[in-house]
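Chains as they are written, first to last, in this note's numbering: chain A, 68 to 260; chain B, 1100 to 1538.
The C-beta atom is built at its ideal place from N, Cα and C for all residues, glycine as well.
As the structure is a computational prediction, the values presented were derived from the model and not from experiment.
Written out below as structure tokens is the structure these notes cover.
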Amino acid sequence: MIGTDSFWLAGALAVAGIIVLRFSWARRSRSMGLNATGWAFLLAGIVVGVAGEGAWGIAVASLFAIGTALILLLKAVFEQPRWKRAARTFRQPANTQVPNESRPVGKLATFAITGLLSLVAVVLFALAARLALLAMGASEADGNVSVLGLVPLIWPLLVFTLLMTESRKVQLTVVGLIVTASLSILILAGGSA
Amino acid sequence: MKLAFDKKTVRKALSAHSAIGLVCCALLYLICATGTAIVLYEEWQRFEQPNAPEMASIEPAAVQRGIENVLADESDGPTTTHLFVHLPTEALPRTTITTDTQALHIDAGGTIVVPEENAWAEFLLALHYRLNLPATYGMTLVGAFGAMIVALSVSGILAHPRVFRDAFRLRARRGDDVATVDWHNRLAVWTLPFALAISLTGAMIGLFYVTGGGMAITAYGGDSEAAIAPIFGEEAAADPAPAPVADAVPALAHMAREFPDVVPYYVILHDPGTVGQHVQIVGEHPQRLIFGEYYAFGPQGEFHGTAGMADGTIGQQLAASTYNLHFGNYGGLPVKIAYIVFGLALTVVVATGTFIWLNKRARQGQPAPRLRAMWWGFVIGAPAGLLATLAARIAFGNSTDFVPLFWAVVGLSLCLSLFVRHRERDLARTGESTLAPAE
Chain A
68 MIGTDSFWLA
78 GALAVAGIIV
88 LRFSWARRSR
98 SMGLNATGWA
108 FLLAGIVVGV
118 AGEGAWGIAV
128 ASLFAIGTAL
138 ILLLKAVFEQ
148 PRWKRAARTF
158 RQPANTQVPN
168 ESRPVGKLAT
178 FAITGLLSLV
188 AVVLFALAAR
198 LALLAMGASE
208 ADGNVSVLGL
218 VPLIWPLLVF
228 TLLMTESRKV
238 QLTVVGLIVT
248 ASLSILILAG
258 GSA
Chain B
1100 MKLAFDKKTV
1110 RKALSAHSAI
1120 GLVCCALLYL
1130 ICATGTAIVL
1140 YEEWQRFEQP
1150 NAPEMASIEP
1160 AAVQRGIENV
1170 LADESDGPTT
1180 THLFVHLPTE
1190 ALPRTTITTD
1200 TQALHIDAGG
1210 TIVVPEENAW
1220 AEFLLALHYR
1230 LNLPATYGMT
1240 LVGAFGAMIV
1250 ALSVSGILAH
1260 PRVFRDAFRL
1270 RARRGDDVAT
1280 VDWHNRLAVW
1290 TLPFALAISL
1300 TGAMIGLFYV
1310 TGGGMAITAY
1320 GGDSEAAIAP
1330 IFGEEAAADP
1340 APAPVADAVP
1350 ALAHMAREFP
1360 DVVPYYVILH
1370 DPGTVGQHVQ
1380 IVGEHPQRLI
1390 FGEYYAFGPQ
1400 GEFHGTAGMA
1410 DGTIGQQLAA
1420 STYNLHFGNY
1430 GGLPVKIAYI
1440 VFGLALTVVV
1450 ATGTFIWLNK
1460 RARQGQPAPR
1470 LRAMWWGFVI
1480 GAPAGLLATL
1490 AARIAFGNST
1500 DFVPLFWAVV
1510 GLSLCLSLFV
1520 RHRERDLART
1530 GESTLAPAE
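So this is what it looks like as structure tokens:
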């Protein structure tokens, strides 16, 4: 597909940003100036992309940046010397235990809370957010799309947050609070569109 | 540049990252591998049926003749409720008419030439979209795994305090565990924007049965179509009384006259041959992420308006952008090639992630040789299964049952991998040497 001038400029800025960052991060000492220049080029690529071509411009400029990084990464493979010694094998004493949850019931409970219950909680949250958006004057289309978009965005973050929480009580409290608050809004509003 | 996370946070993030990765690894690998292959969906269709008639464009009158020919072909049975005409595009320069019961290629004059035969491309799409399961369960599962890529991305970044300092460090030629870790981390970091884009859009599409279903239950009396009608537009009321078939010619002429920059690529007839019938044209807007805009017409080509995909609310435009952003069909072949390269990188990230966990177990004195063998078997078996089904398509034709064949090859690969491991172990016990690569 043929692009416009702004599309090529956005792509060039994205490529330049990655190259400058590569140069900057390869130095022995940090250079705030070079780092800032690299990030500024990337940002400029995004700005030019969105100004000239909208969301399409950002998407394509991002592909330029990722592609450049992968090419530089491929080059990095051959910059490292071939490992002359035998491959490192890390061995620890056989009695070292892997520090993870060993009880099947505990694992199942973790899966049920962080995976399934959290999904229910997030769906309820998104439905409540939809009602809040509609109450604030958003269009029905935007309200409905918010449900479609919020769940894939918030659910993985909640899963991760819950897994970072070691206490089962805290996990249940967080999920319980989201469910209770969301259900309250849904029930009070009567679930109407 | 170093992100200032304390060691405890990093350890917990790594633990969460491992937990999510282990639960998801196998199906996530399959979704990434098939997703990479399905980027070439149109190209696979051309490969499967090279003798189908191709054309750069088709005249509106020929489209109408094609519609009437296909409806006449089906006049013995119940009339189709929807009729889709795929117009020639750069990626798929064919005119194909699909009804409720069949799909037929027509030539540039509107004559039916040959039935569409793209069973392998459809199998691949179904494997990626719903893991060959019923749509409700399969799409939800795939959507959930898409969301888990987001969780893995966030946890991976938190678990990697030297994410920027090491961004270009790839010690691939060491041939040890460090090389595996480097491949995983570097590819994951640099494909992060791509991974987030395709996982969020994939999860949005896949989790529709949950999100749309939730909306339907709470606000639309259980009607899922009513829940998405504000976004994509709603169907006009049906009137089954018979009427002459709608005319697509004035609608296509209107498009050429009033929207010359828009590229029509689908003509859809709703309830053809009834009083309630109406015509929709889906038009591509070049250099937009949206899949297109719906242009609605009456049976004689009277223009009724658009659905708002191109210029409606932010939500509508966002929803319309998910498909192209996910499948990489918004910039021709160059973007498709980029999606294939990045998709392969993501597939490698998933595969190496599990090997890192297996290596870590081994270092901690808890090696899992059977699991390692099974993972090798799956990593090799999934692409081998795809190749085997493609070979079967070429050798045995369009009617081949690809699903059992694919899973049989995957199962065989798992068994072979376990067998090789047992054999290596037996040889090691008896002191014989083996030429098999060390694991």
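8 Å Cβ shell around residue i - same chain, five flanking residues per side excluded
i: alanine 1266 of chain B; result: Arg1285, Val1288, Trp1289
i: valine 165 of chain A; result: Because the pLDDT of valine 165 of chain A is 45, which lies under 50, any placement of that residue in the model is unreliable, and the question is left without a value.
i: leucine 1511 of chain B; result: Gly1480
i: phenylalanine 1501 of chain B; result: Ala1218, Trp1219, Phe1222, Thr1488, Ala1491, Arg1492
i: glutamate 120 of chain A; result: Gly70, Thr71, Ser73, Phe74, Ala77, Val127
Other residues of its chain near residue i: CB distance less than 7 Å, five sequence neighbours each side excluded
i: serine 251 of chain A; result: none
Per-residue contacts from residue i into chain A (C-beta, under 8 Å)
i: methionine 1247 of chain B; result: Pro223, Val226
i: lysine 1435 of chain B; result: Result: empty, since nearest Cβ-Cβ is about 11 Å, beyond 8 Å.
i: valine 1253 of chain B; result: Pro223, Leu224, Phe227
Candidates the options: closest to residue i by CA position
i: tyrosine 1365 of chain B; options: B:Val1381, B:Ala1355, B:Pro1359, B:Leu1351; result: B:Val1381
i: proline 1343 of chain B; options: B:Arg1520, B:Leu1299, B:Gln1399; result: B:Gln1399
i: serine 249 of chain A; options: A:Met203, A:Leu225, A:Leu198, A:Pro219; result: A:Leu198
i: leucine 88 of chain A; options: A:Leu101, A:Val117, A:Leu110; result: A:Leu101
i: alanine 1202 of chain B; options: B:His1227, B:Asn1168, B:Pro1466; result: B:Asn1168
i: alanine 1155 of chain B; options: B:Tyr1319, B:Pro1177, B:Val1362, B:Ile1248; result: B:Val1362
i: valine 1213 of chain B; options: B:Phe1263, B:Leu1226, B:Thr1197; result: B:Thr1197
i: leucine 140 of chain A; options: A:Thr240, A:Phe90, A:Phe227, A:Gly243; result: A:Phe90
i: alanine 1472 of chain B; options: B:Val1448, B:Asn1231, B:Leu1513, B:Asn1458; result: B:Leu1513
i: glycine 243 of chain A; options: A:Phe131, A:Gly204, A:Val189, A:Leu255; result: A:Val189
i: glycine 1209 of chain B; options: B:Tyr1228, B:Gly1165, B:Thr1200; result: B:Gly1165
With 16 other Cβ atoms within 10 Å as the buried cut-off, status of residue i
i: asparagine 1217 of chain B; result: buried
i: asparagine 162 of chain A; result: Because asparagine 162 of chain A carries a pLDDT of 46, less than 50, the predicted location of this residue cannot be relied on, and the following value inherits that uncertainty. It counts as exposed.
i: glycine 1442 of chain B; result: buried
i: leucine 1257 of chain B; result: buried
i: histidine 1403 of chain B; result: exposed
i: lysine 1107 of chain B; result: exposed
i: methionine 1408 of chain B; result: buried
i: arginine 1524 of chain B; result: exposed
i: proline 1159 of chain B; result: buried
i: serine 234 of chain A; result: exposed
i: arginine 1520 of chain B; result: buried
i: aspartate 1281 of chain B; result: buried
i: serine 1298 of chain B; result: buried
i: leucine 253 of chain A; result: buried
i: methionine 1314 of chain B; result: buried
i: alanine 1278 of chain B; result: buried
i: aspartate 1175 of chain B; result: exposed
i: asparagine 1150 of chain B; result: exposed
Cβ-Cβ distance between residue i and residue j below 9 Å
i: proline 1339 of chain B; j: glycine 1375 of chain B; result: yes
i: valine 218 of chain A; j: alanine 1246 of chain B; result: yes
i: leucine 1292 of chain B; j: isoleucine 133 of chain A; result: A small correction: the amino acid at residue 1292 of chain B is proline; leucine does not occupy that position in the sequence shown. It is a contact, given that the beta carbons lie within the stated cut-off.
i: alanine 1347 of chain B; j: histidine 1369 of chain B; result: no
i: leucine 186 of chain A; j: valine 1309 of chain B; result: yes
i: alanine 208 of chain A; j: glycine 1321 of chain B; result: no
i: serine 213 of chain A; j: leucine 224 of chain A; result: no
i: alanine 1171 of chain B; j: glutamate 1141 of chain B; result: no
i: leucine 1126 of chain B; j: valine 1162 of chain B; result: no
i: methionine 1238 of chain B; j: phenylalanine 1331 of chain B; result: no
i: threonine 177 of chain A; j: alanine 1118 of chain B; result: yes
i: threonine 1421 of chain B; j: threonine 1235 of chain B; result: no
i: glycine 182 of chain A; j: valine 1122 of chain B; result: yes
i: glycine 1414 of chain B; j: leucine 1251 of chain B; result: no
i: leucine 1388 of chain B; j: tyrosine 1429 of chain B; result: yes
Partners in chain A for residue i, counting only beta-carbon separations shorter than 7 Å
i: isoleucine 1439 of chain B; result: Correct list: empty, because the minimum Cβ distance to chain A is about 12 Å.
i: methionine 1303 of chain B; result: Leu215, Gly216, Pro219
i: alanine 1112 of chain B; result: Met231
i: valine 1264 of chain B; result: The amino acid at residue 1264 of chain B is misidentified as valine; the sequence shows arginine. Correct list: Trp92.
Contacts around residue i, its chain only, beta-carbon distance under 6 Å, and the 5 residues preceding and following it disregarded
i: glutamate 1153 of chain B; result: Pro1192, Arg1193
i: arginine 1110 of chain B; result: none
i: threonine 1405 of chain B; result: Glu1392, Tyr1394
i: alanine 1302 of chain B; result: Gly1242, Gly1245, Ala1246
Contacts that residue i makes with chain A (C-beta to C-beta distance below 9 Å)
i: lysine 1107 of chain B; result: The contacting residues do not exist; lysine 1107 of chain B stays about 10 Å from chain A at best.
i: glycine 1313 of chain B; result: Val190, Leu191, Ala193, Leu194, Val214, Val218
Residue i: contacting residues in chain B (beta-carbon distance under 8 Å)
i: isoleucine 133 of chain A; result: Trp1289, Thr1290, Pro1292, Phe1293, Ala1437, Phe1441
i: aspartate 72 of chain A; result: None at all; the shortest Cβ gap to chain B is about 13 Å.
Within chain B, the residues that residue i reaches when beta carbons sit closer than 9 Å
i: leucine 253 of chain A; result: Thr1317
i: serine 129 of chain A; result: Pro1292, Phe1293, Ala1296
Beta-carbon neighbours of residue i, restricted to chain B and to distances below 7 Å
i: alanine 143 of chain A; result: Phe1267, Arg1268, Leu1269
i: alanine 136 of chain A; result: Trp1289
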